[in-house]
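Those protein sequence lines, which keep their order, are chains S and R.
So the first sequence is numbered by the working numbering: it starts at 205 and just counts up by one.
So the second sequence is numbered by the working numbering: it starts at 4 and just counts up by one.
Worksheet for the structure shown next.
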Amino acid sequence: MSTDRRGFFKNIAAAATLTAIPTAALAREKHKAPADAVGLLYDATKCIGCKACVVKCKEVNNLPADTDGYGGGLYDAPNSLNGTTKNVIQLYKNAGEESFVKKQCMHCIDPACVGACMLGALQKSKFGVVAYDPDKCVGCRYCQAVCPFNVPQFQWTKIAPRIVKCELCKDRLAEGEEPGCTEVCPRKAVIFGSYADLLDEAHKRLRENPGKYVPKVYGEHELGGTQVLYLSHIEFEKLGFRFSQQRSVPDLQQTVSHGIYKGFAGPVALYALLGAVMFRNRKKNPEEEKES
Amino acid sequence: MTASRTIAEQLQRAGVSRRNFITFCGKIMVAAPVGLALTNKLSPQAMAATIGKAKRPSVIWLEMQDCTGCTETLLRTSQPDLGTLILNIISLDYHETVMAAAGNDAEAALNDAMKANDGKYVLIVEGSIPTKDAGVYLTIGGKKGSEKLQEVADHAAAVIAIGSCASWGGVPSSTINPTGAVGVDSIIKNKPVVNIPGCPPNPYVLLGTVLEYATTGKVPKLDSLGRPLFAYDRTIHDHCPRRAHFDAGEFAAQFGDEAHSKGWCLYKLGCKGPVTHAPCSTRHFNEVVDCWPIGIGAPCAGCTEKDVAFTVPLFTTVDIKRPVPPDFYPEVTPEHRPVSPVATGVAGLVGGALVGAGFIASKKLNEGTSDEKPKE
Numbered sequence: 205m206s207t208d209r210r211g212f213f214k215n216i217a218a219a220a221t222l223t224a225i226p227t228a229a230l231a232r233e234k235h236k237a238p239a240d241a242v243g244l245l246y247d248a249t250k251c252i253g254c255k256a257c258v259v260k261c262k263e264v265n266n267l268p269a270d271t272d273g274y275g276g277g278l279y280d281a282p283n284s285l286n287g288t289t290k291n292v293i294q295l296y297k298n299a300g301e302e303s304f305v306k307k308q309c310m311h312c313i314d315p316a317c318v319g320a321c322m323l324g325a326l327q328k329s330k331f332g333v334v335a336y337d338p339d340k341c342v343g344c345r346y347c348q349a350v351c352p353f354n355v356p357q358f359q360w361t362k363i364a365p366r367i368v369k370c371e372l373c374k375d376r377l378a379e380g381e382e383p384g385c386t387e388v389c390p391r392k393a394v395i396f397g398s399y400a401d402l403l404d405e406a407h408k409r410l411r412e413n414p415g416k417y418v419p420k421v422y423g424e425h426e427l428g429g430t431q432v433l434y435l436s437h438i439e440f441e442k443l444g445f446r447f448s449q450q451r452s453v454p455d456l457q458q459t460v461s462h463g464i465y466k467g468f469a470g471p472v473a474l475y476a477l478l479g480a481v482m483f484r485n486r487k488k489n490p491e492e493e494k495e496s
Numbered sequence: 004m005t006a007s008r009t010i011a012e013q014l015q016r017a018g019v020s021r022r023n024f025i026t027f028c029g030k031i032m033v034a035a036p037v038g039l040a041l042t043n044k045l046s047p048q049a050m051a052a053t054i055g056k057a058k059r060p061s062v063i064w065l066e067m068q069d070c071t072g073c074t075e076t077l078l079r080t081s082q083p084d085l086g087t088l089i090l091n092i093i094s095l096d097y098h099e100t101v102m103a104a105a106g107n108d109a110e111a112a113l114n115d116a117m118k119a120n121d122g123k124y125v126l127i128v129e130g131s132i133p134t135k136d137a138g139v140y141l142t143i144g145g146k147k148g149s150e151k152l153q154e155v156a157d158h159a160a161a162v163i164a165i166g167s168c169a170s171w172g173g174v175p176s177s178t179i180n181p182t183g184a185v186g187v188d189s190i191i192k193n194k195p196v197v198n199i200p201g202c203p204p205n206p207y208v209l210l211g212t213v214l215e216y217a218t219t220g221k222v223p224k225l226d227s228l229g230r231p232l233f234a235y236d237r238t239i240h241d242h243c244p245r246r247a248h249f250d251a252g253e254f255a256a257q258f259g260d261e262a263h264s265k266g267w268c269l270y271k272l273g274c275k276g277p278v279t280h281a282p283c284s285t286r287h288f289n290e291v292v293d294c295w296p297i298g299i300g301a302p303c304a305g306c307t308e309k310d311v312a313f314t315v316p317l318f319t320t321v322d323i324k325r326p327v328p329p330d331f332y333p334e335v336t337p338e339h340r341p342v343s344p345v346a347t348g349v350a351g352l353v354g355g356a357l358v359g360a361g362f363i364a365s366k367k368l369n370e371g372t373s374d375e376k377p378k379e
């Protein structure tokens with residue numbers, strides 16, 4: 205496309221006008237789950253730890269076994285999510301309390317990784333799935349650092365590493381199938397459905413079984429809400445969910461960055477400090493010159 | 004000839020009870036639950052009805068360089084009726100071990116059997132065929148083994164290689180292979196060959212294959228090594244009764260130790276179950292429960308695999324091709340572990356060294372500038 209001289213000036217003028225007009229920084233609205241959002245509901249009281257979901261996940265995602273762990277090459281025994289594992293079952297066992305817990309991407313409604321990804325390789329896509337586009341990824345691992353659930357994992361052993369994370373079997377979803385893990389779960393401890401239905405189901409279980417569960421649905425409000433919801437009979441902190449704050453990570457980030465610039469206080473303070481240093485040095489230098 | 008009778012007629016004549024026959028059908032259904040049109044029935048009675056209507060398949064059984072073990076496994080059943088039953092279901096028209104005739108009479112019997120069912124009989128071959136030194140190591144009726152085999156195979160409807168020797172050479176072909184032993188499919192190129200490897204193979208696999216051919220006129224689907232998929236689609240490991248011990252990490256370390264007597268997994272003793280495709284773990288031998296290598300505490304030798312038995316030493320462990328999760332779990336580890344005092348100390352030392360080095364470097368810089376200035 206060619207731009208003539210007149211058009212070029214027009215564009216410059218438009219850009220200048222836009223820059224000149226002051227716009228108020230809008231307060232960030234709380235993100236809501238997309239209308240077509242789907243998710244998982246994992247009920248720790250139902251899980252028997254059979255790992256059918258772990259096997260199926262590796263199969264549908266064509267992931268190699270992680271044989272570095274226990275057993276010296278005999279087992280696919282990942283300790284946690286890693287470069288070859290998108291889904292794992294862990295065990296909490298302490299003082300008579302026991303629970304299995306399934307770990308995979310939580311598919312946050314307002315994901316930290318999407319906010320942190322500088323090239324948009326991680327995006328909230330169809331069905332609210334946090335999808336990964338390897339072609340846009342530069343391997344900076346900001347997503348790994350920022351994720352409150354420690355989900356995105358890096359292929360440390362590859363020459364051209366990628367990020368490995370659960371994408372809720374998005375290819376299967378596109379074909380109208382459910383994710384691998386929910387398909388094979390023999391006790392329906394993890395179920396697939398629309399986000400709204402799953403939330404209803406979780407609250408129904410809480411209502412109908414008073415005292416059975418910790419009375420909250422983890423992921424309903426935590427970190428801005430997640431499309432993967434959890435029910436459990438022991439505290440979620442013990443299952444490795446360290447955060448119970450309700451604000452999402454991007455929301456917090458914005459508070460910090462906007463806070464610095466509030467009333468232009470941050471820059472003023474910074475330049476005042478720099479000015480003071482310069483002033484002091486200028487005072488110091490003439491004395492030194494006199495001495496020499 | 005007796006071959007023209009249906010199986011039901013022959014069984015009636017031989018006085019084999021219907022109950023025995025239905026029990027036998029049930030056993031084949033258990034041994035080959037999927038992959039055969041023959042066993043894809045609702046009940047053993049339905050299967051018995053199908054088999055009963057079929058003509059008895061005429062079988063010619065040739066023995067090459069063999070130990071007769073494959074014949075024994077077919078005929079030596081714990082229930083005496085079953086051997087009779089098998090011999091009435093198939094029409095075993097020529098078999099060197101079980102026939103009374105010898106010499107010229109035996110040769111005549113073979114020629115008669117071939118003429119009577121020309122192009123219709125099933126040829127079963129047991130044992131490997133020597134090829135070294137122009138094949139002089141095996142002569143039957145004045146002919147070389149490979150020539151005899153080719154001659155009988157040319158007039159056969161289907162060729163089945165029973166046992167590892169007939170499938171790809173087996174024991175006689177193990178290094179250094181003094182007779183240049185090869186399997187049937189290295190000699191017979193004009194006919195498809197069904198391999199039923201094993202040392203010995205399970206007789207129900209042979210019967211399933213022969214009866215499938217008798218009732219449908221087709222041989223079952225085969226895998227890349229020519230083995231019928233209905234029997235060789237899964238590994239021993241997949242259905243091993245000791246699998247739970249493998250998943251739990253419970254292994255026998257040596258023969259006769261406590262773990263071995265408890266019936267723990269034999270993998271570390273060299274069990275080839277994880278790489279061996281065979282139906283042994285679901286269909287045991289001689290009609291006796293647990294009568295198979297792993298059942299009696301001996302590791303699987305991998306006899307149905309071309310690259311394992313007689314190639315990999317008996318007590319060498321094999322790689323696990325498809326590792327799956329074990330029977331234990333990773334802990335819910337705290338994602339940020341507390342920093343250990345040692346780590347703090349090391350970090351402090353490194354930090355201190357850096358600060359110190361920086362201080363000295365800046366001092367030297369200052370000295371440098373003060374040195375230069377007097378020169379000006």
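Backbone N, C-alpha and C define an ideal beta-carbon position, used for all residues, glycine too.
Computed from a predicted model, the values in this text were never measured in an experiment.
Simplified DSSP assignment, three categories, for ILE92/R
One-based indexing of the second sequence puts residue 92/R at position 89. Residue state, collapsed to three classes: helix.
At the level of alpha carbons, what is the spacing between SER412/R and ILE216/S?
Residue 412/R cannot be examined here, being either before or after the span of chain R that is shown, 4 to 379.
Any idea what DSSP makes of ILE143/R, helix, strand or coil?
Counting from 1 along the second sequence, the entry for residue 143/R is found at position 140. Taken through DSSP and simplified to helix, strand or coil, ILE143/R comes out as strand.
Mind checking LYS306/S: buried by the 16 CB within 10 Å criterion, or exposed?
Position 102 of the first sequence, counted from the start, is the residue given in the question as residue 306/S. Residue environment for LYS306/S: buried (at least 16 other C-beta atoms within 10 angstroms of its C-beta).
THR87/R to ASN266/S span [Cα, whole Å]
Within the second sequence, residue 87/R is the residue found at index 84, counting from 1. Within the first sequence, residue 266/S is the residue found at index 62, counting from 1. For THR87/R and ASN266/S, the distance between alpha carbons rounds to 51 Å.
For ASP310/R, which of VAL174/R, VAL345/R, LYS151/R, THR336/R has the nearest alpha-carbon?
In the second sequence, residue 310/R corresponds to position 307, counting from 1. Of the listed residues, the one whose Cα sits closest to ASP310/R is VAL174/R.
Could you check whether the Cβ of TYR216/R sits closer than 8 Å to any Cβ belonging to chain S?
To locate residue 216/R, count along the second sequence from 1; it is residue 213. Taking Cβ atoms only, chain S never reaches closer than 8 Å to TYR216/R, which makes this a no.
Ranges of the beta strand (DSSP E) found wholly within the stretch 133-212 of chain R, counting only runs of at least 3:
161-165, 196-199
Just mark GLU426/S as buried or exposed, buried being the case when its beta carbon has 16 or more other beta carbons within 10 Å.
Taking the first residue of the first sequence as 1, we reach residue 426/S at position 222. When all chains shown are included, GLU426/S counts as buried.
What number of angstroms, rounded off, separates the C-alpha of HIS437/S from the C-alpha of LYS297/S?
Taking the first residue of the first sequence as 1, we reach residue 437/S at position 233. Taking the first residue of the first sequence as 1, we reach residue 297/S at position 93. Their backbone Cα atoms lie some 13 Å apart in a straight line.
Can you pull the chain S residues whose beta carbon is under 9 Å from the beta carbon of VAL336/R, in chain order?
Numbered from its first residue, the second sequence carries residue 336/R at position 333. With the sequence shown as reference, residue 336/R is identified as Thr, and Val is not the correct amino acid for it. The answer, in chain order, is ASN283, SER284, GLN294, GLY444.
Classify LYS362/S as buried or exposed, calling it buried when 16 or more other Cβ atoms lie within 10 Å of its own Cβ.
As a position in the first sequence, residue 362/S is number 158, starting the count at 1. LYS362/S should be labelled exposed.
Do you know offhand how far ALA218/S's Cα is from GLN348/S's?
Position 14 of the first sequence holds residue 218/S. Position 144 of the first sequence holds residue 348/S. Take the alpha-carbon of ALA218/S and the one of GLN348/S: they are about 39 Å apart.
On the three-state DSSP scale, how would you describe SER436/S?
For the purposes of this step, residue 436/S is identified with residue 232 of the first sequence, where counting begins at 1. Correct three-state label for SER436/S: coil.
Buried or exposed (CB count within 10 angstroms, at least 16 for buried), MET322/S:
As a position in the first sequence, residue 322/S is number 118, starting the count at 1. MET322/S comes out exposed.
Compute the Euclidean distance between the alpha carbons of GLY332/S and LEU477/S, then round it to the nearest angstrom.
As a working note, residue 332/S is residue 128 in the first sequence. As a working note, residue 477/S is residue 273 in the first sequence. Whole-angstrom Cα-Cα distance: 46 Å.
With a threshold of 8 Å between beta carbons, is TYR434/S in contact with chain R?
On the first sequence, position 230 is the one that residue 434/S refers to. TYR434/S does not count as touching chain R.
Residue from ALA281/S, ASN485/S, THR249/S, VAL264/S with nearest C-alpha to TYR332/R
Sequence index remark: in the second sequence, residue 332/R carries index 329 (1-based). Comparing Cα positions, the closest option is ALA281/S.
What do you get for LYS260/S, buried or exposed, if any count of 16 or more other CB atoms within 10 angstroms of its CB means buried?
Taking the first sequence and counting its residues from 1, one reaches residue 260/S at position 56. Classification for LYS260/S: buried.
For THR178/R, I'd like the list of residues in its chain whose CB is within less than 6 Å of its CB, leaving aside the five on either flank, ordered along the chain.
As a first step, residue 178/R must be located in the second sequence, where it is residue number 175. Result list for THR178/R: empty, nothing under 6 Å.
Within 8 Å (strictly less), CB to CB, does TYR274/S reach chain R?
Within the first sequence, the letter at position 70 stands for residue 274/S. Chain R contact via Cβ: present.
Taking LYS290/S as the query, report the chain R residues whose CB atoms sit under 8 Å from its CB, ordered along the chain.
On the first sequence, residue 290/S is found 86 positions in, with the first residue counted as 1. Correct list: empty, because the minimum Cβ distance to chain R is about 14 Å.
Under a CB-based cut-off of 8 Å, is GLY479/S close to chain R?
Here residue 479/S refers to the residue found at position 275 of the first sequence. With 8 Å as the cut-off, GLY479/S does not count as an interface residue toward chain R.
Closest to CYS373/S by CA distance: which of THR386/S, LYS420/S, SER448/S is it?
Position 169 of the first sequence, counting from 1, holds the residue named residue 373/S. Among THR386/S, LYS420/S, SER448/S, the Cα nearest to that of CYS373/S belongs to THR386/S.
Give the straight-line distance between the Cα atoms of LYS366/R and MET482/S, rounded to the nearest whole angstrom.
Along the second sequence, one-based indexing puts residue 366/R at 363. Along the first sequence, one-based indexing puts residue 482/S at 278. For LYS366/R and MET482/S, the distance between alpha carbons rounds to 22 Å.
For ASN298/S, does the three-state DSSP call read helix, strand or coil?
Your numbering for residue 298/S matches position 94 in the first sequence. Three-state DSSP puts ASN298/S in a strand.
Would ILE299/R be called buried (16 or more neighbouring beta carbons within 10 Å of its own) or exposed?
Taking the second sequence and counting its residues from 1, one reaches residue 299/R at position 296. Exposed is the call here.
As an exercise, report each continuous alpha helix (DSSP H) stretch of at least 4 residues that is fully enclosed by the stretch 253-318 of chain S, in chain order.
Fully enclosed alpha helix (DSSP H) runs of 4 or longer: 256-265.
Closest Cβ-Cβ distance between VAL327/R and chain S: below 8 Å?
Along the second sequence, one-based indexing puts residue 327/R at 324. Contact with chain S is found for VAL327/R, since one of that chain's Cβ atoms lies less than 8 Å from the residue's Cβ.
Counting only beta-carbon atoms, is TYR207/R nearer than 8 Å to chain S?
In the second sequence, counting from the first residue as 1, residue 207/R sits at position 204. Not an interface residue.
Can you look up ASP121/R in the DSSP assignment and give me helix, strand or coil?
Stepping through the second sequence from its first residue, residue 121/R is reached at position 118. Under the three-state reduction of DSSP, ASP121/R is assigned to coil, being neither helix nor strand.
Suppose you measure from the CA of VAL213/R to the CA of ARG230/R; what does that come to, to the nearest Å?
Here residue 213/R is taken as the residue at index 210 of the second sequence, counted from 1. Here residue 230/R is taken as the residue at index 227 of the second sequence, counted from 1. Each residue's Cα considered, the two are about 13 Å apart.
PRO296/R - DSSP class collapsed to helix/strand/coil
Residue numbering aside, residue 296/R sits at position 293 when the second sequence is read from its first letter. In this structure, PRO296/R counts as helix in the three-state DSSP scheme.
For the pair the stretch 102-113 of chain R and the stretch 68-76 of chain R, tell me if three or more CB-CB distances fall below 8 Å.
The stretch 102-113 of chain R makes no contact with the stretch 68-76 of chain R, as fewer than three CB pairs between them are under 8 Å.
Continuous alpha helix (DSSP H) assignments of at least 4 residues falling wholly in the stretch 218-279 of chain R:
As summarised for the stretch 218-279 of chain R, the continuous alpha helix (DSSP H) elements at least 4 residues long and confined to that stretch are 232-235, 246-250, 261-264, given in chain order.
When you compare only the Cα positions, how much space is there between THR271/S and VAL292/S?
Here residue 271/S refers to the residue found at position 67 of the first sequence. Here residue 292/S refers to the residue found at position 88 of the first sequence. For THR271/S and VAL292/S, the distance between alpha carbons rounds to 14 Å.
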